[in-house]
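Asks: The structure follows.
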Amino acid sequence: MITTTDLTKVYRTKDREITALDGVNLHVREGEVYGVVGQSGAGKSSLIRCVNLLERPTSGTVTVAGQDLTALARRGRRAPSRRPTPELRAARSRIGMVFQHFNLLSSRTVQGNVELPLEILGLSGRERSRKALELLDLVGLADKARAHPAQLSGGQKQRVGIARALAGDPKVLLSDEATSALDPETTRSVLRLLRDLNEQLGLTVLLITHEMDVVKAVCDSAALMRGGRITESGTLPELLATPGSELARELFPVSGAASGDRRTTVDVTFHGETATEPLISQLARRYEIDISILGAAMDTVGGRQVGRMRIALPGPFEENVIPIGYLREQGLQVDVVPPGEGAAQETETALLAPEGAR
Ligand SMILES: Nc1ncnc2c1ncn2[C@@H]1O[C@H](COP(=O)(O)OP(=O)(O)OP(=O)(O)O)[C@@H](O)[C@H]1O
Ligand SMILES: [Mg+2]
Numbered sequence: 044m045i046t047t048t049d050l051t052k053v054y055r056t057k058d059r060e061i062t063a064l065d066g067v068n069l070h071v072r073e074g075e076v077y078g079v080v081g082q083s084g085a086g087k088s089s090l091i092r093c094v095n096l097l098e099r100p101t102s103g104t105v106t107v108a109g110q111d112l113t114a115l116a117r118r119g120r121r122a123p124s125r126r127p128t129p130e131l132r133a134a135r136s137r138i139g140m141v142f143q144h145f146n147l148l149s150s151r152t153v154q155g156n157v158e159l160p161l162e163i164l165g166l167s168g169r170e171r172s173r174k175a176l177e178l179l180d181l182v183g184l185a186d187k188a189r190a191h192p193a194q195l196s197g198g199q200k201q202r203v204g205i206a207r208a209l210a211g212d213p214k215v216l217l218s219d220e221a222t223s224a225l226d227p228e229t230t231r232s233v234l235r236l237l238r239d240l241n242e243q244l245g246l247t248v249l250l251i252t253h254e255m256d257v258v259k260a261v262c263d264s265a266a267l268m269r270g271g272r273i274t275e276s277g278t279l280p281e282l283l284a285t286p287g288s289e290l291a292r293e294l295f296p297v298s299g300a301a302s303g304d305r306r307t308t309v310d311v312t313f314h315g316e317t318a319t320e321p322l323i324s325q326l327a328r329r330y331e332i333d334i335s336i337l338g339a340a341m342d343t344v345g346g347r348q349v350g351r352m353r354i355a356l357p358g359p360f361e362e363n364v365i366p367i368g369y370l371r372e373q374g375l376q377v378d379v380v381p382p383g384e385g386a387a388q389e390t391e392t393a394l395l396a397p398e399g400a401r
């Protein structure tokens, strides 16, 4: 549904060039909710703004719903221009966008805000009003049509933002940190709304977030951005099954002190079907080793039950190659925690904290 090929974006300021996107190949399938995470400055907003060509890519292509937007932007132009072509404007009206700070017009009522894009699309007053009320009903705000944005809570404002984004009957919804300004409870209800819209309308959602909980709650797939590139991507089950995946570790952290000199720490991941307890005791019996459980958790990731356990085996890694191989043969995913690596909490900070905070 959304494909970017070798997408680059270089911002040129007076004294320097900043490469915000450095060859991004993104592929979002129709009907999925796709999350992009990464630390501040990684290029997430640049990516989403390039997807609807609010920002003109420096090179590469963007295809949304089978239309090459980068080509539409160029069509019929002899000289490059900032103004969108009518073709691009039409294609863009089929892509909804939701913003962190809602971007509502304070002088207009809630209904007036939702009607704004419908005015631009040229609908008559009656049609606008009918459509706006229908959309407000869809986001659960039918009774607030005549209120002004200042009279709404943050979550309600974001619902208006979502209703407005749906005005052009988009196939695709883009969301840049739509829940970052909201408290956890309101975040959950807005995420539920996005998930409902995804299911009811078949809407494809590309969302940017710095919260792993958001990915865990609503995303089918996710990508990690770093320094203008996508360093990991896949469906959540694929990521969880990828040895050494940073995203998997963030999605599903287990705590517990890491390896010392005389033991090997491993994270064992199992998906619903694999029962670990007998496997761990079998391992202990078979190789006559004492196993310490340092941490364990069950969670739902992408709608599936997943378990993870951090265990310590006596002796250095070289002495544990065979037991680790045994666990892998049983279909468990085993990641060896490098000696000296801290608890999961610290890795999370490294991945998502703003650059300055480290
Ligand atoms: N209009 C602009 N002009 C110049 N540089 C820009 C512009 N917009 C973004 N940048 C730079 O491009 C890089 C990527 O920025 P971007 O906003 O895409 O990051 P981000 O991942 O969305 O970060 P955050 O999580 O803080 O929102 C940063 O180094 C930023 O300073
Ligand atoms: Mg951003």
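Everything in the sequence shown is counted per my numbering, starting at 44 for the first residue and increasing by one.
Quick reminder that beta carbons are idealized off the backbone N, C-alpha and C, glycines included.
Keep in mind the model is a prediction, meaning the values are calculated, not measured.
Using DSSP's beta-bridge definition, name the partner residues of Pro366.
Replies: Answer is none; Pro366 lacks a bridge partner.
Asks: Please report the straight-line C-alpha distance between Gly358 and Arg305, rounded to a whole angstrom.
Replies: 5 angstroms
Asks: Would you mind sorting Tyr54 into buried or exposed? The rule is 16 or more other CB atoms within 10 Å of its CB.
Replies: Exposed.
Asks: DSSP on Ser150, reduced to helix/strand/coil?
Replies: coil
Asks: To the nearest angstrom, how far is the alpha carbon of Ser89 from that of Arg132?
Replies: 19 angstroms
Asks: Which of helix, strand or coil does DSSP assign to Thr343?
Replies: strand
Asks: Under 8 angstroms between the Cβ atoms of Gly287 and Asp378?
Replies: yes
Asks: For Glu293 and Arg171, I'd like the C-alpha separation in whole angstroms.
Replies: 44 angstroms
Asks: Report yes if the C-beta distance between Ala188 and Val153 is below 8 angstroms; otherwise report no.
Replies: yes
Asks: Report whether the distance from the Cβ of Ser88 to the nearest heavy atom of ligand 2 is below 7 angstroms.
Replies: yes
Asks: Put Ile45 into one of helix, strand or coil per three-state DSSP.
Replies: Ile45: strand per DSSP, three-state reduction.
Asks: When burial is assigned at 16 or more other CB atoms within 10 Å of the CB, is Met341 buried or exposed?
Replies: exposed
Asks: Check whether the stretch 175-186 touches the stretch 212-229, taking contact to mean three or more Cβ pairs, one atom from each stretch, closer than 8 angstroms.
Replies: no
Asks: Just checking my contact of Leu283 with Thr312 at CB under 8 angstroms: how many whole Å lie between their CB atoms?
Replies: 6 angstroms
Asks: For Val297, does the three-state DSSP call read helix, strand or coil?
Replies: coil
Asks: Report the partner residues of Tyr330 according to the DSSP bridge assignment.
Replies: Note: Tyr330 sits in no beta bridge, so no partner.
Asks: Exposed or buried, Glu220, counting other C-beta atoms within 10 Å across all chains shown (16 or more means buried)?
Replies: buried
Asks: Is it a yes or a no for the stretch 253-270 touching the stretch 45-54, going by three-plus beta-carbon pairs under 8 angstroms?
Replies: no
Asks: Considering only residues of the same chain and omitting the five flanking positions on each side of Glu75, which have a CB-CB separation below 7 angstroms?
Replies: Thr247, Asp263, Ser264
Asks: Beta-carbon within less than 6 angstroms of Leu159's beta-carbon, same chain only, minus the 5 sequence neighbours each way: which residues are those?
Replies: none
Asks: Residues in the same chain with beta-carbon distance under 6 angstroms from Gly299, minus the five sequence neighbours each way, listed in chain order, please.
Replies: Leu337, Gly338, Arg353
Asks: Using DSSP with H/G/I as helix, E/B as strand and the rest coil, what is Asp180?
Replies: helix
Asks: Got a sec: does ligand 4 put a non-hydrogen atom nearer than 7 angstroms to the Cβ of Asp219?
Replies: The model on display carries ligand 1 and ligand 2 but not ligand 4.
Asks: For Tyr330, collect the residues of the same chain with a Cβ closer than 6 angstroms to its Cβ; drop the 5 residues on either side in sequence, then sort them by chain order.
Replies: Pro366
Asks: Cβ of Thr56 versus every heavy atom of ligand 1: is any distance shorter than 7 angstroms?
Replies: yes
Asks: Quick one: residues in its chain with C-beta nearer than 7 angstroms to the C-beta of Leu161, no 5 flanking neighbours on either side, listed in chain order?
Replies: Arg171, Lys174, Ala175, Ala210
Asks: For Gln411, tell me which candidate among Ala116, Lys200, Arg151 has the shortest Cα-Cα distance.
Replies: Given that the chain is displayed from residue 44 to residue 401, the structure contains no residue 411 and the question cannot be resolved.
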